[in-house]
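>
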Amino acid sequence: MYSPRIEDALRHVYDPELEVNIVDLGLIYDIEEDEHNIHIRMTLTTPGCPLHDSIIGGVYRILQKEFPDKEINVDLVWEPRWTPERMSDEAKERLGFF
Amino acid sequence: MSRLPFLFIVSGMIGFFLFHMFAIVHLYTWISQGLREPTGWFHIHLFVLGWGTMLAFGAIYQLMNVILQSKIYKESLGYVHYALFTIGLFGLLYGFISGHVGALATFGTITIIGILVFGWNMAHTILRSKQWNVIIFCATSSIVFLVLAAITGLTMGLNFAIVFGNSLHSSLFGTHIWLGTVGWFGLLITGFSYKMLPMFYLAHHYPTKLQLFTTILWTVSVIIGVVHFLILQQQWSFMLAVVTLLLAIVIYNIHLLQIRKYKHKKNPGPGIRWTMIGNFTFAILAILVVTHTLIFNADLLNFITLRLVTWLYLIMWVSFMILGYASKIVPFLWWTYKYGNRVGQKNTPVMSDMLSERWAFLGLAAIMVTSLVVMVGISVNSPSIIAYAGLAYSLCCIAYISLIAYVFTK
Chain A
-16 MYSPRIEDAL RHVYDPELEV NIVDLGLIYD IEEDEHNIHI RMTLTTPGCP
34 LHDSIIGGVY RILQKEFPDK EINVDLVWEP RWTPERMSDE AKERLGFF
Chain B
3 MSRLPFLFIV SGMIGFFLFH MFAIVHLYTW ISQGLREPTG WFHIHLFVLG
53 WGTMLAFGAI YQLMNVILQS KIYKESLGYV HYALFTIGLF GLLYGFISGH
103 VGALATFGTI TIIGILVFGW NMAHTILRSK QWNVIIFCAT SSIVFLVLAA
153 ITGLTMGLNF AIVFGNSLHS SLFGTHIWLG TVGWFGLLIT GFSYKMLPMF
203 YLAHHYPTKL QLFTTILWTV SVIIGVVHFL ILQQQWSFML AVVTLLLAIV
253 IYNIHLLQIR KYKHKKNPGP GIRWTMIGNF TFAILAILVV THTLIFNADL
303 LNFITLRLVT WLYLIMWVSF MILGYASKIV PFLWWTYKYG NRVGQKNTPV
353 MSDMLSERWA FLGLAAIMVT SLVVMVGISV NSPSIIAYAG LAYSLCCIAY
403 ISLIAYVFTK
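Chains as they are written, first to last, in the working numbering: chain A, -16 to 81; chain B, 3 to 412.
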């Protein structure tokens, strides 16, 4: 279980090319929270995405700002690979998927 | 963030601007006079090295990290490469325009050393990553062919100085051009397209078998071309290289359609849309030129056809692809540099705020149309059409590259 505030905060982190936030893009695989830590397991739309540092840095910064007393860990993984089916309906609509 | 891609990309944009300023001043007379004259050499080298190759170096320094998911072996060598290549190129261009043989020899050697430093740095970067796929193969072989093109250029210079003979010069000249155009630019553009297009179309689950076929055919065509120029020198051997290349171009375009079919993003941006149109236009025109040559048993290396093919390949494909991709590469670089650490903050601009999609679309459309008219001028051998359409083409190019440069003010 984790605070819904974490997901709300992550919705402020946008992929600047796709103009969709990382939660709706389905980039967040797992969120774990305990008394002292927040652990995020996430991916990007393509391996070696050129926005890698910016997006991961954005996740760190926004969670550190919202939860200053906790240690933030972001684990970037490439398996399982991201697929477009992971996007929310809002994201699909935004990208003209339908 | 590394400033190395910036250095090369901005220098390439300046090279592109200068090329068009000189082209306007000379009203493209160097095309009508023939490319193997000192002014022709000057313009061709300014275009190929000062624009195409310079920007391609920047794109490689930016995209190698993405393709290999590892850093460049030694960034400091990248700066040495930049210094040697830029100084060498300036001197080389001076040598061509002034006919100064000493300048050509000295600065040509400096340019080539710059390319060798780049080749060494990239070889270590690629070998260290211990990865292998079609895209990495394309990038690797394109760099190998660039280094070989540079070495044949140096050998040509030595041949001039020592005079081994005219026949050797012709062989080296053909090999130098074939390696640089088909080998270096061809494999680099096709390889990078396999990464760029799926990324911007958000294409997934598309088949990749045709990437392999294209790459094998393209590489074989480069090798046949080299064997032709150095050893065989028969019309059939050159046609075999050209037809193999044409087959690779057709399969490459079929693969691009496959990527587009599996897209999940409706609008990849005007630059990507125009690169697709540019690829298809190039394939159709290449089929027409080669078919015409085969049916009428014409010589592909005669004066008019050679100029036509050079324009089609270098201007309408290589340069047009670079211009299209620059509309993505430059905003990405600038956004990452200026706004990369502001992700998550309110009012942070997004990529589409960096460049006007409407103007980029119109700019590329105008470049495509005017370059087609120049091609018509070359086909009917009309210096006036070439001059007026060339003027319009250059003005459109200057307007478009200024639009791209405007990104740096955002």
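The beta carbon of each residue, even a glycine, is placed where N, CA and C say it ideally should be.
Span of the alpha helix (DSSP H) holding Arg262/B?
Start at 1 with the first residue of the second sequence, and residue 262/B comes out as number 260. Element bounds for Arg262/B: 237 to 263.
> For a cutoff of 8 Å on Cβ pairs, would you count Met353/B as touching chain A?
Locating residue 353/B in the second sequence gives position 351, counting from the first residue. For Met353/B, the answer is yes, since a Cβ of chain A falls inside 8 Å of its Cβ.
> Enumerate in chain order the residues of its own chain whose CB-to-CB distance from Phe50/A is below 7 Å, with the five nearest sequence positions on each side excluded.
The residue you call residue 50/A lines up with position 67 of the first sequence. So the list reads Ile21, once near-sequence residues are dropped.
> DSSP on Arg275/B, reduced to helix/strand/coil?
Counting from 1 along the second sequence, the entry for residue 275/B is found at position 273. DSSP places Arg275/B in helix when its eight states are reduced to three.
> Taking Cβ to Cβ, would you say Arg69/A is nearer than 8 Å to Glu2/A?
As a first step, residue 69/A is located in the first sequence; it is residue number 86 there, counting from the start. As a first step, residue 2/A is located in the first sequence; it is residue number 19 there, counting from the start. Not in contact: Arg69/A and Glu2/A (Cβ atoms no closer than 8 Å).
> For the candidate residues Val252/B, Phe322/B, Ile115/B, whose alpha-carbon lies nearest to that of Phe187/B?
Within the second sequence, the letter at position 185 stands for residue 187/B. Per the Cα distances, Phe322/B.
> Can you check the stretch 148 to 182 of chain B for any beta strand (DSSP E) of at least 3 residues that lies completely inside it and give the ranges in chain order?
Runs of the beta strand (DSSP E) inside the stretch 148 to 182 of chain B: none found.
> Of the residues His102/B, Phe87/B, Leu70/B, His171/B, which one's Cα is nearest the Cα of Met124/B?
Here residue 124/B is taken as the residue at index 122 of the second sequence, counted from 1. Cα-wise, what sits closest to Met124/B is Leu70/B.
> Starting from Glu16/A, follow its DSSP beta bridges and name the residues at the other end.
What you label residue 16/A is simply residue 33 of the first sequence in a count that begins at 1. According to DSSP, Glu16/A bridges with Ile21/A.
> Per the DSSP calculation, Val57/A is bridged to which residue(s)?
As a first step, residue 57/A is located in the first sequence; it is residue number 74 there, counting from the start. The partner list for Val57/A (beta bridge, DSSP) reads Ile23/A.
> For Tyr341/B, which residues from the same chain have a beta carbon less than 7 Å from its beta carbon, with the 5 sequence-adjacent residues on both sides left out?
The residue labelled residue 341/B in the question sits at position 339 within the second sequence. For Tyr341/B, where only same-chain residues beyond five positions count, the Cβ hits under 7 Å are Thr350, Pro351.
> At the 8 Å Cβ level, is His206/B part of the contact set with chain A, yes or no?
If you number the second sequence from 1, residue 206/B lands on position 204. Yes, contact with chain A.
> Taking DSSP as the reference, what is the three-state secondary structure of Arg43/A?
Residue numbering aside, residue 43/A sits at position 60 when the first sequence is read from its first letter. For clarity, residue 43/A is Tyr in the given sequence; the question names Arg instead. Of the three classes helix, strand and coil, the one that applies to Tyr43/A here is helix, per DSSP.
> Compute the Euclidean distance between the alpha carbons of Phe98/B and Thr108/B, then round it to the nearest angstrom.
The count along the second sequence starts at 1 and reaches residue 98/B at position 96. The count along the second sequence starts at 1 and reaches residue 108/B at position 106. Between Phe98/B and Thr108/B, the C-alpha separation is close to 12 Å.
> Assign Pro272/B to buried or exposed, taking buried as 16 or more other Cβ atoms, counted over all protein chains shown, within 10 Å of its Cβ.
Position 270 of the second sequence, counted from the first residue, corresponds to residue 272/B. By the 10 Å Cβ count, Pro272/B comes out buried.
> Straight-line CA distance for Thr142/B to Ile128/B?
Within the second sequence, the letter at position 140 stands for residue 142/B. Within the second sequence, the letter at position 126 stands for residue 128/B. Their Cα atoms are separated by approximately 8 Å.
> I'd like to know whether the C-beta of Thr154/B is nearer than 8 Å to at least one C-beta of chain A.
Numbered from 1 along the second sequence, position 152 holds the residue referred to as residue 154/B. Answer no: the Cβ-Cβ gap between Thr154/B and chain A never drops below 8 Å.
> Which word fits Val103/B, buried or exposed, when buried means at least 16 other C-beta atoms lie within 10 angstroms of its C-beta?
As a first step, residue 103/B must be located in the second sequence, where it is residue number 101. Val103/B should be labelled exposed.
> What did DSSP end up calling Asn1/B once you bin it into helix, strand or coil?
In the structure as shown, chain B begins at 3 and stops at 412. Residue 1/B is therefore absent and cannot be evaluated.
> Under three-state DSSP, which class holds Tyr339/B?
Here residue 339/B refers to the residue found at position 337 of the second sequence. Tyr339/B: helix per DSSP, three-state reduction.
> Asn135/B: buried (16+ other C-beta within 10 angstroms of its C-beta) or exposed?
Start at 1 with the first residue of the second sequence, and residue 135/B comes out as number 133. Asn135/B comes out exposed.
> When DSSP labels each residue in this structure, what does Val6/A get in the three-state scheme?
Here the question's residue 6/A lines up with position 23 in the first sequence. It is coil, neither helix nor strand.
> Run through DSSP, which three-state label would Asp52/A get?
The residue you call residue 52/A lines up with position 69 of the first sequence. Of the three classes helix, strand and coil, the one that applies to Asp52/A here is coil, per DSSP.
> Between Phe19/B, Ser4/B, Ile380/B, which has its C-alpha nearest Ala407/B's C-alpha?
For the purposes of this step, residue 407/B is identified with residue 405 of the second sequence, where counting begins at 1. Out of Phe19/B, Ser4/B, Ile380/B, Phe19/B has the C-alpha closest to the C-alpha of Ala407/B.
> Do the CB positions of Leu170/B and Ala58/B come within less than 8 Å of each other?
Position 168 of the second sequence, counted from the start, is the residue given in the question as residue 170/B. Position 56 of the second sequence, counted from the start, is the residue given in the question as residue 58/B. Result no, Cβ atoms of Leu170/B and Ala58/B do not sit closer than 8 Å.
> Are Val184/B and Ser223/B touching if we call contact CB-CB under 8 Å?
Position 182 of the second sequence holds residue 184/B. Position 221 of the second sequence holds residue 223/B. In this structure, Ser223/B lies closer than 8 Å to Val184/B by Cβ.
> Is the CB of His294/B under 8 Å away from at least one CB in chain A?
Against the second sequence, residue 294/B aligns to sequence position 292. No - not a single Cβ of chain A is within 8 Å of the one on His294/B.
> Enumerate in chain order the residues of its own chain whose CB-to-CB distance from Thr154/B is below 6 Å, with the five nearest sequence positions on each side excluded.
The residue given as residue 154/B occupies position 152 in the second sequence. For Thr154/B, where only same-chain residues beyond five positions count, the Cβ hits under 6 Å are Leu174, Thr177, His178.
> Within 8 Å of any Cβ in chain D, is that where the Cβ of Gly9/A sits?
In summary, chain D is missing from the structure at hand, where the protein chains are A and B.
> Am I right that Thr28/A and Val60/A are in contact with their C-beta atoms under 8 Å? What's the rounded C-beta distance?
The residue given as residue 28/A occupies position 45 in the first sequence. The residue given as residue 60/A occupies position 77 in the first sequence. Actually they are not in contact, since the Cβ atoms of Thr28/A and Val60/A sit about 13 Å apart, beyond 8 Å.
> Distance cutoff 8 Å, beta carbons only. Does Thr221/B sit that close to anything in chain A?
Translated into positions along the second sequence, residue 221/B becomes position 219. It does not; no Cβ of chain A falls within 8 Å.
> Would you say Ile21/A lies against chain B (beta-carbon separation less than 8 Å)?
Within the first sequence, numbered from 1, the residue matching residue 21/A stands at position 38. No - not a single Cβ of chain B is within 8 Å of the one on Ile21/A.
> Does the separation of the CB atoms of Gly159/B and Gly101/B fall below 8 Å?
Here residue 159/B is taken as the residue at index 157 of the second sequence, counted from 1. Here residue 101/B is taken as the residue at index 99 of the second sequence, counted from 1. Contact flag unset, no.
> Do you know how far the Cα of Thr295/B is from the Cα of Leu6/B?
Residue 6/B sits at position 4 when you count from the first residue of the second sequence. Residue 295/B sits at position 293 when you count from the first residue of the second sequence. One C-alpha to the other measures close to 44 Å.
> Name the chain B residues that come within less than 7 Å of Thr66/A, Cβ to Cβ?
As a first step, residue 66/A is located in the first sequence; it is residue number 83 there, counting from the start. Correct list: His206.
> Is the separation between the beta-carbon of Phe194/B and that of Ala362/B shorter than 8 Å?
As a working note, residue 194/B is residue 192 in the second sequence. As a working note, residue 362/B is residue 360 in the second sequence. Going by C-beta atoms, Phe194/B is not nearer than 8 Å to Ala362/B.
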